[in-house]
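Protein chains in written order, with my numbering: chain A, 4 to 217; chain B, 5 to 558; chain C, 1493 to 1804; chain D, 152 to 240.
Have a look at the structure below before the remarks.
As structure tokens, this is what we get:
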């Protein structure tokens, strides 16, 4: 790490290494809280899949797994771009950093648009609980439960993706102004957050879209 | 030599008794307080904020106790009574008990105890206080508009479908308060890991730091589950359809699992910091090193971890399966063991000590007595067969008040008295302090011990009217509550009095060994002139030398 | 009822078991209290600041002591836990020959119905010395049926059946409380259990408007609501035979095998497609919203009554 | 590190896409009860890959390793004990 020691060290820290490791530790603990935050919904999914497995398999077949699979690929690629961006920030290559950040944000937006189309398709097919939910099968109640959990999980994840995109765009602006030449920590922190959001989707895709064999 | 606290006088009286250039005088005016990133000032901001919520919740408790004087519900309507016990529960749990020691004493003392200049993320620390104030505003908004009548547990389907009170705004308030405590938790964990003074290895840390580190682990890992649970409940209430709704095949017991997965570790968030304070007080006022340092430190960690696997004992009669009930009952017994280890070690610390009985020590001894009773009655409610009888009765109310009020609030008062000279540079009046401690102890026992009897007799909790045969014990309990009220008002008065006219404290009035006592009081903005080097294990008191010295303290 | 008492009347078999367990717990609590309070007061006096007690070479810990006051509580815990668990197991297991009473909790009142059809509101008349099994559900929120004198308590949860049982051993009237907070008049949702001599109980049961027994009203519902239209031997629809079904294993179309208990029957009536029997398709209409909780219980009582017959 | 960082990232990405392809195609085969176990195993593998390489856990301090695992560990406590109730009902 070629961060020069003249980098701005906050008053309560002794040196830049301490500041960096503190920031990373703080971010990782925050990610642990996010795991527990999503955990409540994963618990609801697990419990109701255990009690209503048959209906869950049926209901998950109504989700379009092409949308889901494509979105997984998009997020994985944006994770790659983010990792490259963090490296560029570390090596203090400003132009490359800005380009990579914008690309990451772009793929994040692509993810959201695909998600938007998918939600519209679900709405048209009357799969949205409370908003004119229709279900031809016999146990509409449990199917509505599945879709309620589906929209809760993917909705919460979508909010996190939106926050991520906003953060990355702000980073791109600051990077263009050269704010991250000595201290690239904010880029690394946002990178950790973005990778976490990707990991959550990595679990959502098989659990929601591939619950029952297609 | 009474120098006024605002250093306008030109004479620089650095008499060591009162440091003129300290964190209180470093900035004047409201802006210096509202934009401070100094962990000491943020601690004081939290102190004033939780005082407001404590008073509101205490008034609610007083009204309930007065209502329960008579069997018939004749003072206030049952609707109002339900809102009162909900307000008492919500404000006491989330806006007083959980933030009090970590956010007030923890914020103030942790950086100083480990020789740091501030917490790891000072701006986040201030943001945590603003979140807390916003949360309090939301809760008060919900209160003003009619309050909530679901109880602090928000059980569905009542909270989602049948309650017609301001549930969502209160849930939003608690949601925001949750993030305030998550940020405090993250701050403390990173501070304790990354910013200890040179030479301050883990086994040289004061036990208060161990206790708050364990508490921060719980804050960080349990609170998010509360956030998602309240969010799910609120959305279900808003949309009328959700995953806890039996009409959809949802299971109200799932809400209870999610709620108690947070709420049981939350009671350890409340008591662990109290235990940390007691370890400090017992060692300082018996002039003796703690007995079994490693065991007491590790028992804090054990409580934090075991605290996560026992929540099912709140649901023994809730149609949870009897085998799960048995698992949770066994685990609940095991979580009581580390608490026992702590109490035994405190008792052993007193052996061959040179014990003085200033106010903090009275609170500490009071804590050990009441917490032991609270903890042991916990064994009764952990026993499956007995809990079937006493669940949701006043036995449970007495149990958790013995731990939260008898334990945690006594420890908080003890800690506040102990660090008051360091916070303000002035001493509180010793006589009034001891008097208040004794009044609190007597009032507390008179209030809550009759409730054990009421509980086993079968009086259910949250009852606005009750059969006549329970009246005598309820009258006793209300009498005790009034004495307890006096016990809490007294410190409020003499603490304020001591701000202006308390005797000057000097850097180390108790001759204690913590790093925070090796700097002036009130301490300078960056706590230490030069970062201290820790050389030895904590609590290097010497009871024998102290006896020879035997100074007559005023 | 008004003389001062420390423990509630011991009016059921399990009351004695639980009281003995509680007394043992109190004894253990006193043991630990004394083993903490006595040393503290003694040290506080002996080693108070200024007293000339011997304070040379104080010890700062000994693993032996620590291990002993860790393992002793663990051993004690396991012992107490198992005593509690065994007693709990008996409390949760109703004996087979118990008298059946159906209870429906509704915001702020208890509706009870005996097997013989007698209905009661906020009151439960039971014979002395005979086990009584309560099958309970709720129409709205979670309630909890608590009789302190019998030391029994069980939450009453909407959407499922919960059960508890007791055997009264003492005549008299005892409180019924709702112990799970359920709204505005939670403290008004109380009642009384009247334990009577078996003879007086029989006379009380048959007196009054007699009311048809649950099974009879269940059978009437079975016919009126068209269940018999499909579920009959000669019906033209391919439907599972209900005679001899109760408590027997049912293979489901999803491959699992479940026991046809009350919960399965209730779900099949309200959510027919939930657990379809193997070899049948999903043609049964849902009765959700058309049958009250009492009517569902009556239907299930009828299905139970034909549960042991092989042919109608 | 021997190979240059970007090459390592690209290799990780390709491995992730391969795992995605596997999990997607397996979705179309009826494995019965093993379906969930298999899907979770692949998802866990992808998560570990992302954490190790993209999030620099590899070579990071042991403390970060523990924090990374702690979140999932506590979630497992919640899942296992609650399922313990539902399974034995």
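From the three backbone atoms N, C-alpha and C, an ideal C-beta is built for every residue, glycine too.
In the DSSP assignment, residue 416 of chain B falls within the alpha helix (DSSP H) that extends over 414–428. Proximity of residue 147 of chain A to chain B, defined by a Cβ-Cβ separation below 7 Å, is satisfied. Using a Cβ-Cβ cut-off of 7 Å, residue 1674 of chain C is close to 162 of chain B, given in chain order. Chain-order list of chain C residues neighbouring residue 83 of chain B: 1676, by C-beta distance under 7 Å. Going by DSSP, residue 1623 of chain C is part of the beta strand (DSSP E) stretching over 1623–1630. Neighbourhood of residue 144 of chain A in chain C, by CB distance below 7 Å: 1763, in chain order.
Here the alpha carbon of residue 1694 of chain C sits roughly 27 Å from the alpha carbon of residue 1653 of chain C.
For residue 1582 of chain C, the enclosing alpha helix (DSSP H) begins and ends at 1555–1584. Secondary structure at residue 95 of chain A: coil, using DSSP grouped into helix, strand and coil.
Residue range 1749–1751 is occupied by the beta strand (DSSP E) that includes residue 1749 of chain C. Here residue 1666 of chain C carries a strand assignment [DSSP, helix/strand/coil]. Note on residue 1617 of chain C: 16 or more other CB atoms within 10 angstroms of its CB, so buried under the neighbour-count rule.
Around the beta carbon of residue 32 of chain B, fewer than 16 other beta carbons lie within 10 angstroms, which makes this residue exposed. Burial is judged here by how many other beta carbons sit within 10 angstroms of a residue's own beta carbon; residue 124 of chain A has fewer than 16 and is exposed. In this structure, DSSP gives residue 1654 of chain C an extended state, which the three-state scheme calls strand. The beta-carbon of residue 233 of chain D is placed less than 7 Å from the nearest beta-carbon of chain B.
For residue 1612 of chain C, the pairing in a beta bridge is given by DSSP as C:1604. For residue 1687 of chain C, the enclosing beta strand (DSSP E) starts and ends at 1683–1688. The beta carbons of residue 22 of chain B and residue 508 of chain B sit closer together than 7 Å. In terms of Cα proximity to residue 64 of chain B, the closest of B:485, B:542, B:515 is B:485. The shortest CA-to-CA distance from residue 321 of chain B to any of C:1712, C:1714, C:1644, C:1754 is the one to C:1644.
Taking C-beta separations shorter than 8 Å and ignoring five residues to either side along the sequence, the partners of residue 1741 of chain C in its chain run 1749, 1750, 1751, 1752, following chain order.
When beta bridges are read from the DSSP output, residue 1504 of chain C appears opposite C:1660. Our two residues, residue 1561 of chain C and residue 1674 of chain C, have alpha carbons roughly 43 Å apart in a direct line.
Of B:295, B:501, B:77, B:326, the smallest CA-CA separation from residue 471 of chain B is found for B:77. Against chain A, the beta carbon of residue 1774 of chain C has neighbours under 8 Å at 140, 141, listed in chain order. Between the region 235–250 of chain B and the region 164–184 of chain B there are three or more C-beta pairs closer than 8 Å, enough to call the two in contact.
Under the DSSP assignment, residue 1636 of chain C falls in the beta strand (DSSP E) whose first and last residues are 1635–1639. Taking a 10 Å sphere around the C-beta of residue 1546 of chain C, we find fewer than 16 other C-beta atoms and assign the residue as exposed.
Contact annotation: residue 117 of chain B and residue 210 of chain B have beta-carbon atoms nearer than 7 Å.
Within the region 455–467 of chain B, contact with chain C at the beta-carbon level (separation under 9 Å) is assigned to 457, 460, 461, 462, 463, 464, 465, 466, 467. A straight line joining the alpha-carbon of residue 222 of chain D with that of residue 547 of chain B spans about 45 Å. Per DSSP, reduced to three states, the secondary structure at residue 1598 of chain C is strand. In this structure the region 363–377 of chain B lies against the region 280–292 of chain B, because at least three pairs of beta carbons, one per stretch, are closer than 8 Å. Contact with chain B is absent for residue 1619 of chain C, since none of that chain's Cβ atoms lies less than 7 Å from the residue's Cβ. DSSP places residue 1645 of chain C inside the beta strand (DSSP E), whose first and last residues are 1644–1648.
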